[in-house]
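Structure, as structure tokens:
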Amino acid sequence: DQQVKQNSPSLSVQEGRISILNCDYTNSMFDYFLWYKKYPAEGPTFLISISSIKDKNEDGRFTVFLNKSAKHLSLHIVPSQPGDSAVYFCAASEEGQGAQKLVFGQGTRLTINP
Amino acid sequence: DAGVTQSPTHLIKTRGQQVTLRCSPKSGHDTVSWYQQALGQGPQFIFQYYEEEERQRGNFPDRFSGHQFPNYSSELNVNALLLGDSALYLCASSFGLANEQFFGPGTRLTVL
Chain A
1 DQQVKQNSPS LSVQEGRISI LNCDYTNSMF DYFLWYKKYP AEGPTFLISI SSIKDKNEDG
61 RFTVFLNKSA KHLSLHIVPS QPGDSAVYFC AASEEGQGAQ KLVFGQGTRL TINP
Chain B
1001 DAGVTQSPTH LIKTRGQQVT LRCSPKSGHD TVSWYQQALG QGPQFIFQYY EEEERQRGNF
1061 PDRFSGHQFP NYSSELNVNA LLLGDSALYL CASSFGLANE QFFGPGTRLT VL
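The listed protein sequences correspond, in order, to chains A and B. Just so we're aligned, residue 1 is where the first sequence starts under the numbering used here, counting upward by one. Just so we're aligned, residue 1001 is where the second sequence starts under the numbering used here, counting upward by one.
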């Protein structure tokens, strides 16, 4: 029962171009979404988030788009830099549960080529 | 400003043994969550502690238990270890019910 899915295990992008990472979810009760980046031997680092009342949130080179009707979100990185090479996880949570349990996708390994 | 810290970094145990992992939250945070990350998978929620009580639990057996101390630090205990318990165990902290959780570097547990 994979409630959050990242269907692309890997993605390779040229430096300076746009990277687009995708995520789908099945639970319509999810109302908050987050993207984390993970380097080897480190814990996930929070990147950007979006509430279900918005359809876009921007922070510097990172923009997250949310399409609630399609239950789909995407992370855009522009321009892509070599330091962006990492595994990216999307995560979702459901408010009103008395705790903020994050449900993660399987991750997408992004490689930025010089 | 210290981030989330976890100890030990690596641990090797044999089947049937018990293990305790430790976590200190980021300064100012009072909520600690534990996740298990198997190879090639995303982190899976084990449980969350707030005010020294387990607030929510994921789909993990009773062999997994935890504790939160008055200083907000936390322990994860796993009894009767199985080979399938081999994973990276991540601790995350947050303030209250804030959505953004900050993760530690994890403890790599290997069960032989």
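For every residue, glycine included, the Cβ atom is placed at its ideal position computed from N, Cα and C. Just so it is clear, the structure is predicted and the values come from calculations on it, not from any experiment.
Residue of the options minimising C-alpha distance to residue i
i, options, result
"residue 63 of chain A", "A:53, A:69, A:70 and A:79", "A:79"
"residue 1064 of chain B", "B:1081, B:1096, B:1072 and B:1053", "B:1081"
"residue 89 of chain A", "A:28, A:29, A:33 and A:26", "A:33"
"residue 81 of chain A", "A:3, A:111, A:107 and A:36", "A:111"
"residue 1069 of chain B", "B:1032, B:1097, B:1008 and B:1108", "B:1032"
"residue 60 of chain A", "A:70, A:47 and A:71", "A:47"
"residue 1053 of chain B", "B:1003, B:1040, B:1022 and B:1072", "B:1072"
Anticipated Cβ contact below 8 angstroms, residue i with residue j, distance rounded
i, j, result
"residue 1043 of chain B", "residue 1093 of chain B", "Their Cβ separation, rounded to whole angstroms, is 14 angstroms, which puts residue 1043 of chain B and residue 1093 of chain B out of contact at 8 angstroms."
"residue 1099 of chain B", "residue 49 of chain A", "6 angstroms"
"residue 8 of chain A", "residue 77 of chain A", "The Cβ separation is near 14 angstroms, so there is no contact."
"residue 1058 of chain B", "residue 1045 of chain B", "4 angstroms"
Residue-chain proximity (residue i, chain B), Cβ-Cβ < 8 angstroms
i, result
"residue 85 of chain A", "no"
"residue 65 of chain A", "no"
"residue 68 of chain A", "no"
Buried/exposed call for residue i, threshold 16 Cβ in 10 Å
i, result
"residue 54 of chain A", "exposed"
"residue 1018 of chain B", "exposed"
"residue 1110 of chain B", "exposed"
"residue 1085 of chain B", "buried"
"residue 1036 of chain B", "buried"
"residue 43 of chain A", "buried"
Short CB-CB distance (under 8 angstroms) between residue i and chain A
i, result
"residue 1038 of chain B", "no"
"residue 1095 of chain B", "no"
"residue 955 of chain B", "Coverage of chain B is limited to positions 1001 through 1112, which leaves residue 955 of chain B absent and any answer about it impossible."
"residue 1084 of chain B", "no"
"residue 1100 of chain B", "yes"
Closer than 7 angstroms: residue i CB and nearest the ligand FAD heavy atom
i, result
"residue 1039 of chain B", "For the structure depicted, the ligand FAD is absent and the ligand set is empty, with no information on it obtainable."
Legend entry - Positions along the segment 44-61 of chain A whose CB lies within less than 9 angstroms of some CB in chain B: Using a CB distance below 9 angstroms, the part of the segment 44-61 of chain A facing chain B consists of 44, 45, 46, 49 and 51, ordered along the chain.
Legend entry - the segment 1062-1075 of chain B: positions lying closer than 8 angstroms to chain A by Cβ: none
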